[in-house]
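In structure tokens, the structure reads:
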């Protein structure tokens, strides 16, 4: 019995190692070695998994002395140089497949590698023009006084949903002074001032002048409270409403803020009691946002590590602007864009990734909790497909969302993957087998699964090439004669004189024509129509609003498929037979078989 268990464990280790080998080569060009070396890759623990450098360093030191740890930011693995073959093999023999990762319920999986890549780059090493960070801007005593000044139970506090599944984290609270910032349109009513800025805050104005933080007497303050796991989507503050610069004072806890312009991305660590000054290009052309998560990857004196977030309170100071904006960044400016009617922009590969990050991945991180509340019932034809899988078959649900297709049918082994950490967390809380993965690059061996689901996923990809790539990778991981079921949103929501369920729920029964006069230009400089919910589609590429509980919308990108388009897409995929194409309640659907 013990031998059988040992063999099973050994086979599992080998599978983990094999999978990690492909990932290391693909991500960082790291070559594995069949012979022992002084270098080890830790396959399943890194900054992304929440491994803390300090905890891991203590763990290593308890096993062997003298080592160097390298933890690449944004990766689920890390590397250790033991400076001798003897120490590396000793650590491998004692740890691999045996000892558990600190603070995590999984054992280590290790690989010998030929060398360790140079990958650690400092956060915020090259700031956008016009961005300044002043540390220790206020004293600990001043910080404490500012935090005490806000009563979060007062009626002026408003709340709106975040991505967290935890009931305590469903709302981020905000308070305004001077003028109320409206999240539904990112504007303020300059003719409707509210409660004045408290006199207790006047000392900050003197500090702003002392440090050259603009020549304004700031007349609008927004105070946000971020609990661990909460964030804010990437955005550029509306040009015409506020003057330059905009100031943000971080109190209580540090966090990492992400800045982006085009393909340039910078992560900046904002310590508690620091003041961020956004002026010029940084204020007008770079988006800024905070990823909703519980930990940040931060640089320490010994390299990158993971730092848990606490409760952060930010005071944002703005000066109201009246009239049009005349900045030099017209493509991002609401005043200058509105003077020339925008035109819908064709989407090409150069902007596809950024568009999907902003209008698909980022949105689902923000709405995952609310999304989970609205997705419960399995669609009948998808359930029938699952029932058709033979007993003992292995099913993967690509883009599984909250895992509604992963329960039931116990004689089929089911796994899921999703790009959203929030949705993956919901699946894990329900005991499902789940992996964080992108549908364009599935982290599974070829010819692994008997069946694959991909329901309402591919229509979020913004180019035909990317949609074909997703289908191709789905077919790659299928075994011979394995089948895939793919659903995409149909442009035809009124077929054979029958309205889809989507149209039937239209509150305005008398008007089912899409109102696409509204266009939106995104940070990626792509202009797309904004769809009117529960109406017919008149464009193939569009932004569809997700109504959030506290007011305002998130915009999700969709490509809706015309009749025959999905079939044409799949016919170009190698080793693929189209078994069936059908229409199901506003969706085009295809069953594919691997040749």
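Numbering (full-length UniProt numbering), first residue to last: 1 to 595. Glycine included, every Cβ here is placed at the ideal spot set by N, Cα and C.
query	result
Start-end ranges of the alpha helix (DSSP H) lying completely within the UniProt domain "Fe2OG dioxygenase" (217-321), minimum 4 residues	280-284
Distance, residue 309 Cα to residue 208 Cα	27 Å
At least 3 beta-carbon pairs within less than 8 Å: the segment 347-354 vs the segment 270-289	no
Delimiting residues of the beta strand (DSSP E) encompassing residue 481	478-489
Backbone CA spacing between residue 205 and residue 228 [nearest angstrom]	29 Å
Euclidean distance between Cα positions of residue 586 and residue 231	33 Å
Secondary structure of residue 521, DSSP reduced to three states	strand
heavy atom of the ligand NAP below 8 Å from residue 451 C-beta	Ligands are entirely absent from the displayed structure, and the ligand NAP is therefore not among its contents.
Spatial neighbours of residue 286 in its chain, beta-carbon cut-off 6 Å, leaving aside the 5 residues before and after	128, 259, 261
Under 9 Å between C-beta atoms of residue 487 and residue 589	yes
Residue 233 to residue 367 span [Cα, whole Å]	11 Å
Element boundaries [beta strand (DSSP E), containing residue 434]	434-436
Rounded straight-line distance, which links the Cα of residue 236 to that of residue 186	10 Å
Continuous alpha helix (DSSP H) stretch holding residue 380: start and end	380-387
Backbone CA spacing between residue 126 and residue 540 [nearest angstrom]	39 Å
Assigned exposure category for residue 501 - 16 Cβ within 10 Å defines buried	exposed
Length of the line joining the Cα atoms of residue 445 and residue 23	11 Å
Reference residue 71, options 188, 51, 134, 318, closest by Cα	51
For residue 142, the nearest candidate out of 251, 593, 553, 542 (CA to CA)	251
Same chain, Cβ closer than 8 Å to residue 531, five either side skipped, listed in chain order	514, 516, 537, 539, 542, 543, 544, 545, 558
Pair within 9 Å by beta-carbon distance, residue 245 and residue 213	yes
DSSP-derived helix/strand/coil call for residue 575	coil
At least 3 beta-carbon pairs within less than 8 Å: the segment 576-585 vs the segment 408-415	no
Bridge-paired residues (DSSP) for residue 28	DSSP, once it has assigned bridges, lists no residue as partnering residue 28.
Segments assigned alpha helix (DSSP H), at least 4 residues, entirely inside the segment 321-373	334-339, 349-356
Bridge-paired residues (DSSP) for residue 416	397, 434
Assigned exposure category for residue 372 - 16 Cβ within 10 Å defines buried	buried
C-beta atoms of residue 451 and residue 485 nearer than 9 Å	yes
Test item: CB-CB of residue 478 and residue 382 under 9 Å	no
Residue of 356, 416, 422, 443 minimising C-alpha distance to residue 526	356
Three-state secondary structure (DSSP) of residue 451	strand
Contact check, residue 311 vs residue 225, beta carbons under 9 Å	yes
CB contact flag (residue 81, residue 39, <9 Å)	yes
Contact check, residue 176 vs residue 222, beta carbons under 9 Å	yes
Three-state class that DSSP yields for residue 179 in the structure shown	coil
Whole-angstrom distance between residue 191 and residue 322, CA atom to CA atom	10 Å
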